[in-house]
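A short write-up of the structure that comes next.
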Amino acid sequence: MKKRIKTLYVIWYREVLIYLRNGVKFFTSIFLPILILVFFGTGLKTMLPSSVLNYDFVQFFFPGILGLSVTIMAVSSTMSIVWDREFGFLKEILVSPISRSDIILGKILGATTTALIQGFLILLIIPYLGIDFSRWLFIKAMIVILLVSYGMAALGVFLVSRLKKMESFSIISQIIIAPMAFLSGAFFPLNNAPSWMVKMAYYNPLAYGIDALRWVTLSESLTKEEISLLTTHPLFLCIIVLLAFNLVITFLSTRVFNKSIY
Amino acid sequence: MEDLIKEAEQTRESQNNGSEIIQVENLRKRYRNITAVDGVSFSVKKGEVFGLLGPNGAGKTTTINILCTLSLPSSGVAYVNGYDVVRQPADVRNSIGLVFQETILDSHLTAEENLYLHAMLYGVPRKEYLERKRDLLKFCELWHERRSKVETFSGGMKRRLELVRSLIHNPQVLFLDEPTIGLDPQTRKKIWDYIFSLRKKKNITIFLTTQYLSEAENCDRIAILDYGTIVALDSPENLKKMIGEDIIIFRTENNQIAEQEFRAKFPMYSIKQLGKELRIKVDDGDKFLPVLVKAISPRIISMELRRPTLEDVFLEITGRKIRENKKSEEEEERFNLSSLFSLFSSPKK
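Chains as they are written, first to last, in the working numbering: chain A, 87 to 348; chain B, 162 to 510.
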């Protein structure tokens, strides 16, 4: 067991090391979401004055952007698998005595960590957006971010394992990540959307993640009734779905990765 | 059934005696429509430098990949350090070190970090790691560059670092798949110097493939692989003896007379005129040279004694030079445009 943790640690360590080493990526990954929140959010707010809505638009917008940027970070971190395959380093890991499932778990945890760091930094700007918060809210939000980023990291591994070239990532992001983002309720509340959209969103794990983030981050600014107008599912359902999704996708990504080797 | 397997294992162990570190029997690897390795058998003794030679696509890399558990054989068995490559892959991986054809260092990281990751992957205790890192880096003259990022390294430095890395976990067998490909001749020579002095120092078994036949001369034994089968297996000296003769090439002021005189005096040797030169094959070139000089009356302009090289051996055995790839040319011809057009033309005529 101790040995297993140690090997998981190596794979994780490398993932995080590369993330921290890449200063430009580190900076831009936080810069863009803040840019969207401040400029885009403030701009949209002028179209939707608070006399129409009984909440601040940025309050609505924040959990969505938080969830999306965590997702993008988690999925793009798993691209290191393709990078490693293209430049051969994957072989170095594959010929070492580490078991294949540990390689995958290490990769997922590494990508989760980078997304977690991202989520933490974005969470820090909460006080400047007019959202009430406390230490307890911070902890709860981090737990939800952990659930979301783990699931998205595992999904990333699942999608990316079979890719042979870095360029293929744009296909994944357009065909799978973009629809997931638009159907997640990050940009508009899904319960006002047409029913076919709502039905599709039922199968979108990210929608549950964004809902959970909204319940948690807004819990001290808005009443429960107000939040339920902005979300599709109650919090406990979101958490259960996220946990179930994480379990299933871990299993699936391990399988896909094992098959992709030979 | 299980008893049978056990029995086979016991006999294998008794045969093994610790002297043969790699055993391969009737190894086959079939991809969808090509057989890359077609029934290969050989064994490598402990402490030996064993070379696998062959042209591109002969199955060298496939063989190495099977031996280091990166791909599964279609049939046949292979044991490395006494472990079955199919059933005990983790044990096999623990006992081998690898340098692949392509550089597989993590270029984002420093030399030291690459080594550290490797040591962690193989579970090397910290103290041993630090000791070996120091020794090996100094030995390969990379100690001062240990904190630099790998992206700044030259090709030769990267190769040296890979060599260091492959030895960090003290493997029993070192696999080198074309370790000097793409390097300039000086760097190549240096890499080989390191490899051979390492072997003396650590008494490690080395299994290598190369296309440069001159480099293979230093191996203890060589297997020549062609179209997935072993066509020759022996020490370089014996392989060269197989071809037998030394070759003497010389020019005289009057080649015709020289040729006639030669035929009259030495009917047992063959002589050929090649351009302005005469070419003869003899058993013992060293001793025959002075005899030849005395036996021929026209003045000799130039004279050259050539020993058969592995290149000649290869030419003799496979009927072509190592880097001509006749096979692929033939296959390309089959897929020419006219065959495509024939798809559209009506079959009835």
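We treat Cβ as the ideally placed atom computed from N, Cα and C, and that holds for glycine.
Since the structure is predicted, the reported quantities are computational estimates derived from the model, not experimental observations.
Query	Result
Verify whether the separation of the beta carbon atoms of P149/B and T223/B is less than 8 Å.	Nothing can be reported for residue 149/B: it is not among the residues displayed for chain B, which extend from 162 to 510.
What are the boundary residues of the alpha helix (DSSP H) that includes F331/A?	321-347
What residues from chain A crowd round F300/B, counting only those whose CB sits closer than 8 Å?	By Cβ distance, chain A contributes nothing, its closest Cβ being about 21 Å from F300/B, past 8 Å.
Under a three-way DSSP split, which group does N399/B fall into?	helix
Going by beta carbon distance, what residues of the same chain come within less than 7 Å of L133/B, once the five residues before and after it are set aside?	The shown model of chain B, from 162 to 510, leaves out residue 133/B, and the question about it has no answer.
Can you find a C-beta in chain B that's less than 8 Å from the C-beta of P183/A?	yes
Could you check the C-alpha separation between P149/A and A272/A for me, to the nearest Å?	7 Å
For a contact meaning CB atoms closer than 8 Å, what does R358/A contact in chain B?	Because chain A spans 87 through 348 in this model, residue 358/A falls outside it and cannot be assessed.
Which residues in chain B have a C-beta closer than 8 Å to the C-beta of G174/A? List them in chain order.	F261, E263, T264, I265
Give the straight-line distance between the Cα atoms of A393/B and F357/B, rounded to the nearest whole angstrom.	24 Å
Quick check: the region 209-222 of chain A against the region 273-293 of chain B, are at least 3 beta-carbon pairs closer than 8 Å?	no
For H319/A, which residues from the same chain have a beta carbon less than 7 Å from its beta carbon, with the 5 sequence-adjacent residues on both sides left out?	Y294, D297
Under 8 Å by Cβ, that's how I've got S235/A and L202/A pegged, so tell me the actual separation to the nearest angstrom.	6 Å
Since K177/A is in the alpha helix (DSSP H), which residue starts that stretch and which ends it?	175-180
Starting from S309/B, trace the alpha helix (DSSP H) both ways and give me its first and last residue.	Neither: S309/B is in no alpha helix (DSSP H) and is coded neither H nor E.
CA-CA distance, A280/B and F211/B?	26 Å
Going by beta carbon distance, what residues of the same chain come within less than 6 Å of V253/B, once the five residues before and after it are set aside?	T230, V241, Y244, V246
Name the DSSP bridge partner or partners of A393/B?	I385/B
Which residues mark the beginning and the end of the beta strand (DSSP E) in which T190/B is found?	The sequence as given places Lys at residue 190/B; Thr does not occur at that position. Element bounds for K190/B: 181-191.
At 3 residues or longer, what runs of the beta strand (DSSP E) sit wholly inside the region 420-492 of chain B?	432-435, 438-443, 461-467
I want to see whether chain B comes within less than 8 Å of S346/A, judged by CB atoms only; does it?	no
Do the CB positions of P346/B and T413/B come within less than 8 Å of each other?	no
Assign R171/A to buried or exposed, taking buried as 16 or more other Cβ atoms, counted over all protein chains shown, within 10 Å of its Cβ.	buried
In the structure shown, what three-state DSSP assignment does G109/A receive?	helix
Whole angstroms are fine: how far does the CA of G215/B sit from the CA of L476/B?	11 Å
Quick one: residues in its chain with C-beta nearer than 6 Å to the C-beta of R467/B, no 5 flanking neighbours on either side, listed in chain order?	I408
Between which two residues does the alpha helix (DSSP H) harbouring T157/A extend?	143-163
Could you spell out where the alpha helix (DSSP H) holding G237/B opens and where it closes?	No alpha helix (DSSP H) holds G237/B; the beta strand (DSSP E) holding it covers 236-241.
Mind pulling the chain B residues with CB within less than 8 Å of L180/A?	L231
I'd like to know if the region 249-269 of chain A and the region 157-166 of chain A are in contact, where contact means that at least 3 CB-CB pairs between them fall below 8 Å.	yes
Under 8 Å between the Cβ atoms of I116/A and I208/A?	yes
Starting from K250/A, find everything on chain B with Cβ-Cβ shorter than 9 Å and list it in chain order.	Correct list: empty, because the minimum Cβ distance to chain B is about 15 Å.
Can you tell me which of D473/B, R349/B, S202/B, K448/B puts its alpha carbon nearest to the alpha carbon of E339/B?	R349/B
Just confirm the distance between the C-beta atoms of T313/B and K207/B, as a whole number of angstroms; I'd bet it's less than 8 Å.	In fact, because the Cβ distance is near 38 Å, the residues do not count as touching under 8 Å.
Tell me which residues share the same chain as F583/B and place their Cβ nearer than 7 Å to its Cβ, disregarding the 5 neighbours each side in the sequence.	Here chain B has residues from 162 to 510 only, and residue 583/B is not among them.
Suppose you measure from the CA of N332/A to the CA of V334/B; what does that come to, to the nearest Å?	41 Å
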